[in-house]
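Participant:
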Amino acid sequence: MTPERLRALCLSFNAAVEEFPFNPEISVFKVLGKMFALTDLGARPLKVNLKCDPQDAIRLRAEHPDLIAPGWHMNKRHWNTVTADGDLPDRLVTELVEDSYDLVVAGLPRAERLRLDRP
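Take 0 as the starting number for the sequence shown in numbering that gives the first Met the number 0 and just add one per residue.
(1) Going by Cα to Cα distance, which pick from 89, 18, 96, 13 is closest to residue 112?
(2) Does the distance from the C-beta atom of residue 107 to that of residue 31 stay below 8 Å?
(3) With DSSP run on the structure shown, which of helix, strand or coil describes residue 119?
(4) Taking DSSP as the reference, what is the three-state secondary structure of residue 105?
(5) Does DSSP put residue 99 in a helix, in a strand, or in coil?
(6) Is it true that the CB of residue 49 sits closer than 8 Å to the CB of residue 61?
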C-alpha cells in the first residue's frame with residue numbers, strides 16, 4: 000500500500016475528509032467529524048491507526064505480531080496501528096480501513112447515518 004493509495008482509499012468513503020489538527024504531517028481522516036484513520040503519509044514504514052472491534056483487534060495482533068500492534072497514542076482496546084506498506088496484503092489493509100470507517104459510522108447518531116445514505 001502506497002501513501003497515495005492509502006489517502007485515496009480513505010477519501011473514497013462517503014463524506015470522508017482529511018484534516019490536519021495536530022500538525023501538517025499528520026493526516027486525520029474523518030466522517031462527519033469522527034476520526035476513522037490517522038497517519039503520517041510521509042513516514043516509512045507507513046503506519047495507520049484504525050478503529051477495530053476489540054475481539055478482532057486481539058486476533059489481528061496475534062496473527063500479525065510484527066505488522067499490527069495496539070493503537071499508538073490511542074485507546075488500545077479499540078484501535079490498532081497497522082503497518083500498511085509491509086508484508087500485509089493490500090486487500091487486508093483495505094478491509095481494515097473499510098472496517099474502521101464502518102465502525103465509526105455505526106456509532107454516529109441515526110440521523111447522521113441516514114444523511115450519509117442520501118445521494
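Note that CB positions come from ideal geometry on N, CA and C, so glycine has one too.
Facilitator: The structure says:
(1) Residue 112 has its Cα closest to that of 13, out of 89, 18, 96, 13.
(2) Yes.
(3) Here the chain comprises residues numbered 0 to 118, so residue 119 is not present and cannot be evaluated.
(4) If DSSP states are grouped into helix, strand and coil, residue 105 belongs with the helices.
(5) DSSP places residue 99 in helix when its eight states are reduced to three.
(6) No.
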